[in-house]
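Novice:
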Amino acid sequence: MIVVSAIFVDELDQLRLQVDLMALRVGEAIDQAVAVLDAGDAEAASILLASDDEIDALHVSLTERCYELLVRHQPVASDLRLVVSVIRVLGALERIGNLCLRIAKLVDDQPLLESHPAVYQVIHELAQNVRARYRTVHAAWSSGDLAGLAALADADPLEEFSGPLVERILELDGDDAVRVAMAAFVAGRSLDRVGDHADVIATRLRYLVTGNTTYLAEEVGS
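Per this note's numbering, the sequence shown starts with residue 10, numbered consecutively.
1) I'd like to know whether the C-beta atoms of V189 and I39 end up nearer to each other than 9 Å.
2) At the level of alpha carbons, what is the spacing between I96 and E227?
3) With C-beta atoms as the reference, is E103 less than 9 Å away from D62?
4) Using only the alpha-carbon positions, how far apart do P126 and L91 sit?
5) Alpha carbon to alpha carbon, what distance is there between S55 and R34?
6) Which word fits Q23, buried or exposed, when buried means at least 16 other C-beta atoms lie within 10 angstroms of its C-beta?
7) In angstroms with no decimal places, state the Cα-to-Cα distance between G49 and A32.
8) Tell me which same chain residues have a C-beta within less than 8 Å of the C-beta of P84, skipping the five on either side of it?
9) Is the beta carbon of A53 less than 9 Å from the beta carbon of A42?
10) Quick one: residues in its chain with C-beta nearer than 8 Å to the C-beta of L122, no 5 flanking neighbours on either side, listed in chain order?
11) Quick check: is the beta carbon of D88 nearer than 9 Å to any beta carbon in chain B?
12) Look at the Cβ atom of L135, then the Cβ atom of V146, and state whether they are nearer than 9 Å.
13) Here's the rule I'm using: 16 or more other beta-carbon atoms within 10 Å means buried, otherwise exposed. How should G153 be labelled?
14) Tell me the DSSP secondary structure of E180 in three-state form.
15) Suppose the cutoff is 6 Å on Cβ atoms and the five residues either side in sequence are ignored; what does the same chain contact list for S14 look like?
16) Give the secondary structure of N138 by DSSP, where H, G and I count as helix, E and B as strand, and everything else as coil.
17) Is N221 helix, strand or coil by DSSP?
18) Hey, which unbroken runs of the alpha helix (DSSP H) at 4 residues or more fall wholly within the region 76-144?
19) Using DSSP with H/G/I as helix, E/B as strand and the rest coil, what is C49?
20) When burial is assigned at 16 or more other CB atoms within 10 Å of the CB, is R142 buried or exposed?
21) Would A211 and A164 qualify as a contact pair, given that the criterion is a beta-carbon distance under 9 Å?
22) Would you kindly check if the distance between the Cβ of L57 and the Cβ of I105 is under 9 Å?
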């Protein structure tokens, strides 16, 4: 039993490290997505497109690892919370990667978006908010310290961007209005969902550390 327990502890430590690696890759994907929106960076878009396969592969392999741990070790209490929380976080990370991929595909429309400052400014500010939000959550997840999540309280709520963006889109006029509106909608919606998934990871961390199931109800509402 002592040997099995030691093996399980080691496997959990390896799982934490691998999840952190995936979170790091997702953070890089967010940086590249922001570079696409900020500067129409074709190289960043290309890197993002190539890295999506790695994120997907990590999602599959780590999810399978979690199920194997559940079957072989039948963990309880905090260890069980860790494994099931990792499964939830992996799903959120994979989804963020997919959303960044959507943004990468807007690389050809970036100059057009930037030529409409009223729309572009809202998207730019939302992108900066979301990147900072994710970095805060990733750092807290890596350290397991809930105090790191306090910075989220200082961030503008995601809801404050959706209304202004819709208003700016509705004000568009001209021959390129439809194309700009579609690109702006995809960018705004994708960024908003990235922020939502970052908040899901934060809520899951709160549950993992405290064991308070109230946080699970908050997560469902995210």
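Every residue, glycine too, gets a C-beta built ideally from N, C-alpha and C.
Specialist: Taking the definition as stated:
1) no
2) 17 Å
3) no
4) 45 Å
5) 15 Å
6) exposed
7) 24 Å
8) F17, L78, L91 and V92
9) yes
10) L46, L115, V128, Y129, I132, V189, A192, A193 and A196
11) This model lacks chain B altogether, as it is built from one protein chain only.
12) no
13) exposed
14) coil
15) none
16) helix
17) coil
18) 86-113 and 119-123
19) Note that residue 49 corresponds to Gly in the displayed sequence, not to Cys. G49: coil per DSSP, three-state reduction.
20) buried
21) no
22) no
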